[in-house]
Structures are given as structure tokens and as C-alpha cells.
Amino acid sequence: MQVYTAPLRDMRFVLNELHQDDGFGGLSVHEEFTQDLTDAVLEEAAKICQDVLLPINLSGDSEGCQYENGVVHTPKGFKEAYDQFVQGGWGGLVMPVEYGGQGLPEAVGKLVEEMICATNVSFSLYPGLTAGAVTALNAYASEELKAAYLPKMISGEWSGTMNLTEPHCGTDLGLLRTKADPVGDGSYKLTGSKIFISAGEQDLTSNIIHLVLARLPDAPKGVKGISLFLVPKFLPDADGNPGARNGVRASGIEHKMGIKASATCQMQFDDAIGWLVGEPHRGLEAMFTMMNAERVGVGIQGLGIGEAAYQSAVWYAKDRLQGRSLSGAKYPDKPADPIIVHPDVRKNLLTMRAYNEGCRALGAWVARGLDAERHAADPEVRQRAEDFVALMTPVVKALFTDLGHDSASLAVQVYGGHGYIHESGVEQYQRDARIAMIYEGTNGIQALDLVGRKMGAHMGRLLRSFFHPVSAFIEENKGEGPMQKMIEGLEKAFGALQLSTATIAEKGMKDPEEAGAAASDYLRLLGLVGMAYCFAKATKIAGLQLFFGTQDKAFYETKIKTATFFFEKILPQATTHFLAIKAGKGALMAFAEDEF
Amino acid sequence: MDISIPHSLGRAEAKRRIEVGLPKLAAHIPGGGSLASEWAGDYVLNMTITALGSRIPVSLTIEEDRLSGSLEVPALMKMMQGQVAEFVKLSAGKMLDKV
Chain B
53 MQVYTAPLRD MRFVLNELHQ DDGFGGLSVH EEFTQDLTDA VLEEAAKICQ DVLLPINLSG
113 DSEGCQYENG VVHTPKGFKE AYDQFVQGGW GGLVMPVEYG GQGLPEAVGK LVEEMICATN
173 VSFSLYPGLT AGAVTALNAY ASEELKAAYL PKMISGEWSG TMNLTEPHCG TDLGLLRTKA
233 DPVGDGSYKL TGSKIFISAG EQDLTSNIIH LVLARLPDAP KGVKGISLFL VPKFLPDADG
293 NPGARNGVRA SGIEHKMGIK ASATCQMQFD DAIGWLVGEP HRGLEAMFTM MNAERVGVGI
353 QGLGIGEAAY QSAVWYAKDR LQGRSLSGAK YPDKPADPII VHPDVRKNLL TMRAYNEGCR
413 ALGAWVARGL DAERHAADPE VRQRAEDFVA LMTPVVKALF TDLGHDSASL AVQVYGGHGY
473 IHESGVEQYQ RDARIAMIYE GTNGIQALDL VGRKMGAHMG RLLRSFFHPV SAFIEENKGE
533 GPMQKMIEGL EKAFGALQLS TATIAEKGMK DPEEAGAAAS DYLRLLGLVG MAYCFAKATK
593 IAGLQLFFGT QDKAFYETKI KTATFFFEKI LPQATTHFLA IKAGKGALMA FAEDEF
Chain G
76 MDISIPHSLG RAEAKRRIEV GLPKLAAHIP GGGSLASEWA GDYVLNMTIT ALGSRIPVSL
136 TIEEDRLSGS LEVPALMKMM QGQVAEFVKL SAGKMLDKV
């Protein structure tokens, strides 16, 4: 059974307590968003997610989207849910105020996103893609385009998409063929085919605004010849309302393993009218503004699914009676004990719990960075936040989605045979979670981005935005005291990360394949250290709360227990990744192609 | 954060009771914590509460009818400011109550 109650207490903890010393807070632009207000926002978000989105999650998966002559029908209940979502203003939560958004901090917005993804990740893609398109347009489009499109996209009346992939090119966008010919009046005619376009066609909004990568006639070859265009499904009339149908249509939908209620379309552009966004030939830069925002969002999808999988598994482990506890019957009056009495089941549940709390804590830190890079008054803080977000974006995307999928798989395991049955609801989580490891740049690509672009950038400046606070925390808290075991664990894992960084920098400089061979282990190691740092800080705060007296003893005591589990049962994986990095590329590259 | 703890003992008696109470208070700080104190003037007491690696400086001035002062919590403890102030008030109140 799909069970979900938004983890509001933990969300308030990561939002209001855990990162108060990171230097990213206290932004004047967010002064009006007091804790009372953000609490109310989170509570209302929980209601719509639990009451409206969750009930159509399993049915949406069973029914899927239907394609008929260029028209895509979303599953039953999606249109009504979307209308309710839009009426509540949820689509514009963190959007710019000047175009009708509410301007809430990303630190709050990402928590709301987690709830949406936990209850219905298919649904999340419709407003999610719009949010990414708004980000790119706001950063690169002309004032005229912004005025014409952003208010309706932010209100949710219109939606947005990103059109990158073509049948013959995905990761290597330099190969793309869609062309854009100037009409002479400032507009362009686009012709070409795109695939895997989320929300490319649907019946939720009155217009769909496609952001499309294409080549101008004089474009240089490769990625330096790609431009970005805005192509609406309906061309706005003189009053700004949807007018004539443009030359863009869905030619089919993909039949996918998961996220079946998300319309993933094949799109055909035939002399479709569009307008240039940003500079000619610099479309990739603009699209990557959207892509980077989306990558953090995709990471949150992993976390959301992980939390839903955890809660559903806990429900089942308490409900399912099988066998007896190894230490003697715990419920002798019942025919058997619930399976939650068994150490191995607990290990599965706690692994999921620790992944979720660790990712939520790390995600909240990155979200604060997103706010600070845009709004901090001090340029040094803005720079540090930008460095931190750039470094952590691939980590959030890959780590959270890997762990979200692991959690979904563990939930299926807790359910046993019943988990393999569709009606249980948990196998959907595993199928839905799988795509997040692939789209917006596969997790392998994220690891290469981290090692190839981020690690050495500005002589390691990006890395320092993470290393410095971790190192300072270890120094401040070393010595005698109840946290010493944790601090030692963090110090050891951090040492492994530093050594790995030096190893990759040295070997990778001479041989890029060495960096490539180490990349995914390095990303996971960095993620483990990030989570360990957050858990150690959380333990410190929890200990202080208990020391000075708190009304919420149970929450803080449990936080320390989860952190202890993480340090004892999960963090040791850091050594495995360190050893794999140290081993180098030899074993990977020793095979000749015909030996595979 | 400013704190104020009213009493009706007069300055000298309040100081005497605090001098007597301080060692006992330090001995009863909960596990993992400690209390250090020093007089910075006849009636100004500086204390440092240390708990789980965090140091919280507290300065109290003994007046005729109250202890007044301030405490400064590290950024990580921002949300606990009220609880720390309450802890200081309760601890000071216990010392002042003890004849």
C-alpha cells in the first residue's frame, strides 16, 4: 500500500535548525517569510500532496497516458488535480514576484517539491518542466518574450518543456539536426524531430511553451552551433491568448518502464514559428541554466520516492505477521510477530530512513546555496554559494536518485512476494525511480561532470566551498565528549575523500581515463561525506536540544539513533569507494572489446 | 540575547549566594557539559557554558533587585536561544533561592 505522511518535523529541522551556521541565511529578500509562514506553507503543501496527488498515483500508473491523433490524454483525475494545484498557486511558489510568482526561498520550495515527488512523481514533471523553462527564459529571453510568456507560465495556465534529445543524439548534443531558418521578421521556422520530451503534449494546460535547441543556417558544427528557441503550441493572438496552431505536434508517446502518467512525447516540428532566446549559437548555455535547475529537481525526485518507499515499507513491516522474533515471541497473543522484529528487516528500513534523512539534510544545504547565490548582499557569499551549488548539483542529482532507487528496491524486498505485485504499490516506486538515474544527464555523466569540470575548477575553489566547513566542524568538535566516535568516523571518511581528490587530480592530469574510472566512486564518496557531516551536525544539535531541555525529546533522540545507524552501517562504504578509486583504471580497461 | 532575573535579596546577599552556588551548579551540569566562571568586577560574573563542543558566553551583572545580562549563542544554536536563556534563568534562580 502506498502510504505517505509528509515528514514535516524533519523538514522543519533541516530548514530552520541544521544549517543556521552555513553563512547562506539571513537574506533580506526573504525576511517576510517567517518561520510561522513557512510552517503554514509546508502544512498546506502536505495536504494537497496527501489528499489530491497521492490518491491518483497508483491509478495514474495503471492507466498511463493515451495518445490519439496528436492528442495526449493524461490519466483520470490529473486534470482536476492540476487545476487544484494551479488554483492554490503551487506552481509559482518560488517563481519571480515581478511575473506573478510568490518568491519563496528555494529552501522551502525544494521541500514542497519533495512532497510532490513522494506522492506523485509523474505529476511533478508537469509543473517541474515549466519551472525549468521559466528559469531559462527569465535568465536569457528578451523583455518582450518574458512579458508575453512568463506570467501565464508562472500561474500554471501554460506549461513549459525542454526539447533537446533527437533520435540519434542524447548526451552528445553536438550532433543535433533540428534547424531554424530566419523568417525575416525576427521569428524563425523550426523543422526537426525530438524524442523523450516530458509533457510535450498533454490536456492539462491551454498552451505549451517549448524551449527547443536547433541550428541556425550559419551555425558552426558541434555544440558551439546550437541556439535556443521558444516555440509555443499555439501562437498568442493580439490579446496574448492562445491563437493559431503552430507547426509543432506530438507524433507519439513513449511506452515507458515507469512514470507512466507523465506524457513523454515524440515531437515533430514542421516550420514551427519560434523566437530566439539569448544569443545565437549560445543556446546550450541557456539550456544548461534550465538543466542545472532540473538536475537538483531530479535529485529531489529520488528523495521523494525514497521517503514514500520507506513509509510504505514501515507500514507493511508493522502489519505483516510472519514467524517469530529470534529473541522469542514479541506478540505471543498473535499467530506470529510482525516482520519489523527481525534485524534484517530493520536494517532495510533504517537504510532507507538514513538515506532519506541524509539526502534531505544535504539537499536543504544546497537549496540554501541556491537562495544565497541569487540574493546574498555580500559578493563573497554569493560566490561561495555559487561554487557550492555548482559542485553539489551533480552529487544531488546522482546520489539522491541512486539512493532513491535503492530505497524503492528495499521497499519491494520488505514486502517480499507481495512487493512484486502491482497492487502493492511499491513496485511502482522502483519503476518510477529508475528514470531519475538516467534523464537530465545519466548518473555516469554527473560523475564525469563532478570529476572533469567541477573538481579542478578555479584551482579547487569549488571543492573548498565544501571541504572548509567539513574540516572546520571536525576541528571544532575533536577531543573528548559523547560525539567522538562520530567525529572520528567523519574525519576518516573525509581523509579518504581528500586523498582520493589528490589521487584523481594527479592521475587524471596524465590520463583522463583514470579520472573517468574513478568518477562514480568519487561522487558517492563525496556524497557519503556530505551526509556524514550533516548527520554529525544534526547529532550535535540534537544533543544540545536535549541538554538545554526540549519539548520534542522524541524527535531529537530518534535523530541521534538514525545518525548512529548511518555512521555504523552506511559510512563504512566510504572505505570501499576509496579503495576502488585507489585501484585505478587497470581492471576496467584490461579487457579488449572482443573479450566482452 | 538579553536576560533579566529579578530578586529581592539586595546586591551583597545575591552575590554571596551566587558565590556559594556556583561550584554546586558546575558539578550538576548535565552529561557532556561544563561550566566555567570568573568575576570580571565586584558584581559582574562572566560564565561560559560548554556543551557538545559549543561555547556559550554569559555575562551577568548583579543589581539590587535583579541579575541582568546577556548571552550569545553560536549560529548553529540560533533556534535554541530561548531554551539556553531559560536554562541560565533556572540555574541562577536555584542559586539565589538557596539560603
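Protein sequence lines correspond, in order, to chains B and G. Going by the numbering used here, the first residue of the first sequence is number 53, and it counts up by one from there. Going by the numbering used here, the first residue of the second sequence is number 76, and it counts up by one from there. Beta carbons: idealized from backbone N, C-alpha and C, even for Gly.
Exposed or buried, what is residue 142/B when buried is set at 16 or more other beta-carbons lying within 10 Å of its beta-carbon?
Residue numbering aside, residue 142/B sits at position 90 when the first sequence is read from its first letter. With 16 or more other Cβ atoms within 10 Å, it is buried.
Cβ separation of residue 577/B and residue 510/B, assumed to be a contact under 8 Å, to the nearest whole Å:
Locating residue 577/B in the first sequence gives position 525, counting from the first residue. Locating residue 510/B in the first sequence gives position 458, counting from the first residue. The Cβ separation is near 21 Å, so there is no contact.
Looking at the C-beta of residue 167/G, does it have a partner C-beta in chain B at a distance below 7 Å?
By 1-based counting over the second sequence, the position of residue 167/G is 92. For residue 167/G, the answer is no, since every Cβ of chain B falls outside 7 Å of its Cβ.
Can you give the Cα-Cα distance for residue 325/B and residue 213/B, rounded to whole angstroms?
Within the first sequence, residue 325/B is the residue found at index 273, counting from 1. Within the first sequence, residue 213/B is the residue found at index 161, counting from 1. Taking the straight line from one Cα to the other gives about 16 Å.
Residues of chain G with CB under 7 Å from residue 69/B, in chain order?
Counting from one through the first sequence, the residue named residue 69/B turns up at place 17. For residue 69/B, the chain G residues whose C-beta falls within less than 7 Å of its own C-beta are 154, listed in chain order.
Spell out a yes or no on whether the segment 327-334 of chain B and the segment 270-286 of chain B are touching, meaning 3 or more CB-CB pairs, one atom from each, closer than 8 Å.
Output reads yes: the segment 270-286 of chain B touches the segment 327-334 of chain B.
Checking the sheet assignment: what are the DSSP bridge partners for residue 246/B?
Position 194 of the first sequence, counted from the start, is the residue given in the question as residue 246/B. Bridge partners of residue 246/B: 319/B.
Going by alpha carbons, who is nearest to residue 310/B out of 422/B, 479/B and 269/B?
Against the first sequence, residue 310/B aligns to sequence position 258. Measuring from the Cα of residue 310/B, the nearest candidate turns out to be 479/B.
Listing by chain order, which chain B residues have their CB less than 9 Å from the CB of residue 133/G?
Your numbering for residue 133/G matches position 58 in the second sequence. Ordered by position in chain B, no residue passes the 9 Å Cβ test against residue 133/G, which lies about 13 Å from the chain.
Run through DSSP, which three-state label would residue 575/B get?
Locating residue 575/B in the first sequence gives position 523, counting from the first residue. Residue 575/B falls in the helix class under three-state DSSP.
What is the rounded straight-line gap between the Cα of residue 260/B and the Cα of residue 300/B?
Numbered from 1 along the first sequence, position 208 holds the residue referred to as residue 260/B. Numbered from 1 along the first sequence, position 248 holds the residue referred to as residue 300/B. Whole-angstrom Cα-Cα distance: 10 Å.
Residue 118/B touches chain G at which residues, Cβ-Cβ below 8 Å?
Along the first sequence, one-based indexing puts residue 118/B at 66. Here the premise fails: no neighbours, minimum Cβ distance about 50 Å.
CA-to-CA distance, residue 373/B to residue 344/B, given in whole angstroms:
Position 292 of the first sequence, counted from the first residue, corresponds to residue 344/B. Position 321 of the first sequence, counted from the first residue, corresponds to residue 373/B. Rounded to whole angstroms, residue 344/B to residue 373/B spans 46 Å at the Cα level.
Using 8 Å as the threshold, is the segment 579-593 of chain B in touch with the segment 513-526 of chain B, meaning 3 or more CB pairs across them?
Contact between the segment 579-593 of chain B and the segment 513-526 of chain B is present, with at least three C-beta pairs closer than 8 Å.
Within 7 Å of any Cβ in chain G, is that where the Cβ of residue 73/B sits?
Taking the first residue of the first sequence as 1, we reach residue 73/B at position 21. Taking Cβ atoms only, chain G reaches closer than 7 Å to residue 73/B, which makes this a yes.
Integer Cβ distance of residue 124/B from residue 392/B, believed to fall under 8 Å:
The sequence position of residue 124/B within the first sequence is 72, counting from 1. The sequence position of residue 392/B within the first sequence is 340, counting from 1. Contact flag wrong, Cβ pair sits at about 42 Å.
Starting from the beta carbon of residue 146/G, find every residue of chain B whose beta carbon is closer than 7 Å, and list them in chain order.
The residue labelled residue 146/G in the question sits at position 71 within the second sequence. Listed along the chain, the chain B residues whose CB falls inside 7 Å of the CB of residue 146/G amount to none; the nearest CB is some 11 Å away.
Who are the near neighbours of residue 267/B in its chain, counting only those whose CB is closer than 8 Å to its CB and skipping five residues on each side?
What you label residue 267/B is simply residue 215 of the first sequence in a count that begins at 1. Only 228, 229, 230, 231, 232, 277, 278 and 279 meet the Cβ criterion.
Have a look at 90/B, 322/B and 239/B and flag the residue whose alpha-carbon is nearest the alpha-carbon of residue 196/B.
By one-based count along the first sequence, residue 196/B stands at place 144. That would be 239/B, whose Cα lies nearest to the Cα of residue 196/B.
Interface residues of chain B around residue 129/G at Cβ under 8 Å?
What you label residue 129/G is simply residue 54 of the second sequence in a count that begins at 1. Simply 592 and 596.
Comparing C-alpha positions only, which one of 482/B, 411/B and 505/B sits nearest to residue 448/B?
In the first sequence, counting from the first residue as 1, residue 448/B sits at position 396. Out of 482/B, 411/B and 505/B, 411/B has the C-alpha closest to the C-alpha of residue 448/B.
is_contact[residue 151/G, chain B] using C-beta, thresh 7 Å:
Taking the second sequence and counting its residues from 1, the one referred to as residue 151/G is at position 76. Taking Cβ atoms only, chain B reaches closer than 7 Å to residue 151/G, which makes this a yes.
C-beta neighbour in chain G for residue 599/B, strict 7 Å
Translated into positions along the first sequence, residue 599/B becomes position 547. Between residue 599/B and chain G, the shortest Cβ-Cβ separation is below 7 Å.
Just to confirm, is the Cβ distance from residue 249/B to residue 317/B under 7 Å?
As a working mapping, residue 249/B is identified with position 197 in the first sequence. As a working mapping, residue 317/B is identified with position 265 in the first sequence. Using a Cβ distance threshold of 7 Å, residue 249/B and residue 317/B count as a contacting pair.
Grab me the residues of residue 497/B's own chain with a C-beta within less than 7 Å of its C-beta, minus the 5 sequence neighbours each way, in chain order.
As a working note, residue 497/B is residue 445 in the first sequence. So the list reads 223, once near-sequence residues are dropped.
Less than 8 Å between the CB atoms is what I'm expecting for residue 257/B and residue 211/B, so what's the real figure, rounded?
In the first sequence, the residue the question calls residue 257/B occupies position 205. In the first sequence, the residue the question calls residue 211/B occupies position 159. Contact between residue 257/B and residue 211/B holds: their C-beta atoms lie close to 4 Å from each other, under 8 Å.
Can residue 275/B and residue 226/B be called in contact, C-beta distance under 7 Å?
Here residue 275/B refers to the residue found at position 223 when the first sequence is read from its first residue. Here residue 226/B refers to the residue found at position 174 when the first sequence is read from its first residue. Yes; because the gap between Cβ atoms is below 7 Å, this pair is in contact.
Only counting the same chain, and skipping five residues up and downstream in sequence, which positions put a Cβ closer than 7 Å to that of residue 163/G?
For the purposes of this step, residue 163/G is identified with residue 88 of the second sequence, where counting begins at 1. For residue 163/G, where only same-chain residues beyond five positions count, the Cβ hits under 7 Å are 78, 133 and 146.
I'd like to check one pair, residue 572/B with residue 633/B: are the Cβ atoms closer than 7 Å?
Reading the first sequence from its first residue, position 581 is the one you call residue 633/B. Reading the first sequence from its first residue, position 520 is the one you call residue 572/B. No, the Cβ-Cβ distance between residue 633/B and residue 572/B is not below 7 Å.
Which runs of the alpha helix (DSSP H) at least 4 residues long sit entirely within the segment 476-535 of chain B? Give them in chain order.
Scanning the segment 476-535 of chain B for uninterrupted alpha helix (DSSP H) segments of 4 residues or longer gives 478-488, 495-500 and 513-529, listed from N- to C-terminal end.
Report the rounded CA-to-CA distance for residue 164/B versus residue 59/B, giving the unit in angstroms.
Numbered from its first residue, the first sequence carries residue 164/B at position 112. Numbered from its first residue, the first sequence carries residue 59/B at position 7. About 11 Å.
How is residue 312/B classed by DSSP in three states: helix, strand or coil?
The sequence position of residue 312/B within the first sequence is 260, counting from 1. Residue 312/B: coil per DSSP, three-state reduction.
Name the residues in the segment 524-540 of chain B whose C-beta lies less than 8 Å from a C-beta of chain G; which are they?
For the segment 524-540 of chain B, which is checked against every Cβ of chain G, the residues closer than 8 Å are 528, 529, 531, 533, 534 and 535.
Per DSSP, residue 113/G is paired with what?
The count along the second sequence starts at 1 and reaches residue 113/G at position 38. DSSP lists 121/G as partners of residue 113/G.
Tell me which residue opens and which closes the alpha helix (DSSP H) that residue 230/B is part of.
Along the first sequence, read from residue 1 onward, the residue named residue 230/B stands at position 178. Note, residue 230/B: premise wrong, no alpha helix (DSSP H); not H, not E.
With respect to the alpha helix (DSSP H) encompassing residue 56/B, which residues constitute its N-terminal and C-terminal limits?
On the first sequence, position 4 is the one that residue 56/B refers to. Neither: residue 56/B is in no alpha helix (DSSP H) and is coded neither H nor E.
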